[in-house]
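Trainee: Residue numbers (our numbering): 33 to 395.
Encoded as structure tokens, here's the structure I'll be asking about.
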Amino acid sequence: MSAIFNFCAGPAMLPPAVMQKAQKELLNWNGLGISVMEISHRSKEFIALTEQAEANLRALMEIPSNYHVLFMHGGGRGQFSAVVNNFLGNNGKALYLVDGSWSKAAVEEAEKLAGKSNVDSIELVKEVNGLNQVVIPDLTQIDKDYRYVHYCPNETVDGIEIFDNINSPWPVIADMSSNILSRKIDVSQFGLIYAGAQKNIGPSGLSIVIVRDDMLALPSLPQSSIMDYRLAVENDSMYNTPPTFAWYLAAEVFAWLEQVGGVAEMEKLNIEKAKRLYECIDELDFYVSGVAKENRSRMNVTFQLTNPQLDSQFLAEAQAAGLVALKGHRSVGGMRASLYNAMPLAGVEALVGFMKTFAANNA
Numbered sequence: 033m034s035a036i037f038n039f040c041a042g043p044a045m046l047p048p049a050v051m052q053k054a055q056k057e058l059l060n061w062n063g064l065g066i067s068v069m070e071i072s073h074r075s076k077e078f079i080a081l082t083e084q085a086e087a088n089l090r091a092l093m094e095i096p097s098n099y100h101v102l103f104m105h106g107g108g109r110g111q112f113s114a115v116v117n118n119f120l121g122n123n124g125k126a127l128y129l130v131d132g133s134w135s136k137a138a139v140e141e142a143e144k145l146a147g148k149s150n151v152d153s154i155e156l157v158k159e160v161n162g163l164n165q166v167v168i169p170d171l172t173q174i175d176k177d178y179r180y181v182h183y184c185p186n187e188t189v190d191g192i193e194i195f196d197n198i199n200s201p202w203p204v205i206a207d208m209s210s211n212i213l214s215r216k217i218d219v220s221q222f223g224l225i226y227a228g229a230q231k232n233i234g235p236s237g238l239s240i241v242i243v244r245d246d247m248l249a250l251p252s253l254p255q256s257s258i259m260d261y262r263l264a265v266e267n268d269s270m271y272n273t274p275p276t277f278a279w280y281l282a283a284e285v286f287a288w289l290e291q292v293g294g295v296a297e298m299e300k301l302n303i304e305k306a307k308r309l310y311e312c313i314d315e316l317d318f319y320v321s322g323v324a325k326e327n328r329s330r331m332n333v334t335f336q337l338t339n340p341q342l343d344s345q346f347l348a349e350a351q352a353a354g355l356v357a358l359k360g361h362r363s364v365g366g367m368r369a370s371l372y373n374a375m376p377l378a379g380v381e382a383l384v385g386f387m388k389t390f391a392a393n394n395a
């Protein structure tokens with residue numbers, strides 16, 4: 033069977049080495065004769081796994097000691113509500129920066145829980161020379177007091193990424209579900225980082241939360257215990273039974289990242305993958321990107337065919353060539369190639385080769 037390259041935006045492909053290891057030890061993990069899915073989350077063997085997972089993630093992201101690392105339920109959408117409930121008690125107010133569909137969804141959740149009068153938002157995306165570009169206002173000039181400012185540095189639907197830090201007088205909260213571990217960041221610039229696992233970490237259902245100590249002193253709203261960051265800290269992310277298999281796979285992904293050179297090496301590879309695909313889009317009149325070059329996502333490359341009547345043919349022939357899940361989000365159409373950490377350079381090379389051949393055959 034020829035190679036299949038999965039460009040799905042999420043749940044996304046996992047490193048083959050991790051999947052092969054999981055397959056090998058599925059019925060006999062750690063020499064115990066049973067699966068990791070069948071073992072108590074409070075056993076010494078599983079506790080050792082969680083401790084190593086946290087240590088590896090801290091090393092990969094250079095997480096300072098005044099931050100807690102939590103492994104929680106609910107994915108990214110679960111954290112939309114958890115952030116509000118944990119930090120907006122006593123009529124607290126928040127500012128949301130909107131650069132796409134997911135940051136907009138976070139605003140809607142915040143308004144539902146805290147009330148519209150306690151949630152302000154600023155649209156960041158402007159059309160400049162026919163392209164979507166992010167324009168970040170000077171937040172220091174806003175004469176208001178917020179508990180936090182929230183943004184999504186990588187928007188998967190429109191293929192928009194913010195590479196600059198947000199200069200804010202308030203704690204910055206970032207939804208890094210789709211670009212965590214893809215490039216080096218300074219964790220100390222954030223009050224909290226959260227990420228659904230299903231793109232660069234592991235399977236869906238798990239979310240990672242990295243929260244600074246002082247954030248936990250903010251007043252909270254009434255909420256479910258399993259989404260309470262303070263309880264999660266006090267109970268080592270085990271207030272109730274966690275998603276153990278997802279935690280196990282995340283631990284294996286962290287170990288794999290260490291083996292391949294860490295985040296710095298992964299960033300170099302991600303830059304090269306995105307560069308090759310965007311060069312193909314720009315060089316051929318057959319394809320077009322709607323995003324300004326400074327905001328083109330490395331993780332989610334969106335593009336359109338100049339003749340959209342060929343979209344269905346493009347997708348069918350790509351599928352036949354082993355290039356799957358290239359259809360753009362239903363809200364924007366076109367194509368989307370997600371190049372998360374597990375996507376090898378060979379996958380991008382295969383896609384570029386296909387795009388050039390398809391353009392030549394349909395000119």
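Where a beta carbon is used, it is the ideal one built from N, C-alpha and C, also for glycine.
Quantities reported herein were computed from a predicted structural model and do not represent experimental measurements.
Which runs of the beta strand (DSSP E) fall wholly inside the segment 291-379 and span at least 3 residues, in chain order?
Mentor: Whole beta strand (DSSP E) segments, 3+ residues: 332-337, 367-370.
Trainee: For V356, which residues of its own chain have a beta-carbon under 8 Å away from its beta-carbon, when the five flanking residues on both sides are left out?
Mentor: I36, F37, N38, F39, C40, A350
Trainee: When you compare each of G365, N199, L89 to T188 by their alpha carbons, which one comes out closest?
Mentor: G365
Trainee: When you compare the CB positions of L224 and V241, do they come within less than 8 Å of one another, or not?
Mentor: yes
Trainee: For V116, which residues from the same chain have a beta carbon less than 6 Å from its beta carbon, with the 5 sequence-adjacent residues on both sides left out?
Mentor: A142, L145, A146
Trainee: Does the segment 125-132 touch the segment 250-257, meaning 3 or more C-beta pairs lie closer than 8 Å?
Mentor: no
Trainee: Bridge partners for L238 per DSSP, in chain order?
Mentor: H105
Trainee: From E86 to H73, what distance separates their C-alpha atoms?
Mentor: 15 Å
Trainee: Round the Cβ separation of I198 and V204 to the nearest angstrom and send it over; I've been treating them as touching at under 8 Å.
Mentor: Contact flag correct, Cβ pair sits at about 5 Å.
Trainee: Since Q165 and N60 should fall inside the 8 Å C-beta cutoff, what is the C-beta to C-beta distance between them, to a whole number of angstroms?
Mentor: Not confirmed; about 53 Å, so no contact.
Trainee: Are three or more beta carbon pairs between the segment 232-252 and the segment 92-111 nearer than 8 Å?
Mentor: With a cut-off of 8 Å, the segment 92-111 and the segment 232-252 count as touching, because enough Cβ pairs lie within range.
Trainee: Measure the C-alpha to C-alpha separation of V333 and Q341 and round it to an integer number of angstroms.
Mentor: 20 Å
Trainee: H105: which of E155, N394, D268, P274 sits nearest, CA to CA?
Mentor: P274
Trainee: Just grab the DSSP bridge partners of R244 for me.
Mentor: According to the DSSP secondary-structure assignment, R244 is paired through a beta bridge with Y99.
Trainee: Output needed for N118: all residues of its chain with C-beta closer than 6 Å, excluding positions within five of it in sequence on either side, in chain order.
Mentor: Taking N118 as the centre and dropping the five residues before and after it, the same chain places the C-beta of S252, Y261 closer than 6 Å to its C-beta, in chain order.
Trainee: Where does the unbroken beta strand (DSSP E) through I79 begin, and where does it stop?
Mentor: Counting along the chain, I79 falls outside any beta strand (DSSP E), though it belongs to the alpha helix (DSSP H) covering 76-93.
Trainee: Just tell me which of G360, D245, N373, F335 has its CA closest to the CA of G293.
Mentor: N373
Trainee: Applying the 10 Å Cβ sphere with the 16-neighbour rule, what's the burial state of A392?
Mentor: The residue is exposed, with fewer than 16 neighbouring Cβ atoms inside 10 Å.
Trainee: Answer with buried or exposed for L371, where buried requires no fewer than 16 other C-beta atoms within 10 angstroms of its C-beta.
Mentor: buried
Trainee: Flag this pair as touching only if the segment 290-308 and the segment 375-395 have three or more C-beta atom pairs under 8 Å; answer yes or no.
Mentor: yes
Trainee: Just how far apart, CA to CA, sit E299 and Q345?
Mentor: Whole-angstrom Cα-Cα distance: 33 Å.
Trainee: Which residue from E381, N88, N150 puts its Cα closest to that of F286?
Mentor: N88
Trainee: According to DSSP, is S135 helix, strand or coil?
Mentor: helix
Trainee: Is T338 closer than 8 Å to V323 when the C-beta atoms are compared?
Mentor: No, they are not a contact pair.
Trainee: I think G234 touches G108, with their Cβ atoms under 8 Å apart; what is that distance to the nearest whole Å?
Mentor: Actually they are not in contact, since the Cβ atoms of G234 and G108 sit about 13 Å apart, beyond 8 Å.
Trainee: Cα-Cα, which of H361, D343, Q336, E311 is closest to G385?
Mentor: E311
Trainee: Exposed or buried, which one is Q230 when buried takes at least 16 other CB atoms within 10 Å?
Mentor: buried
Trainee: Could you check what DSSP says for F390 in three-state terms: helix, strand or coil?
Mentor: helix
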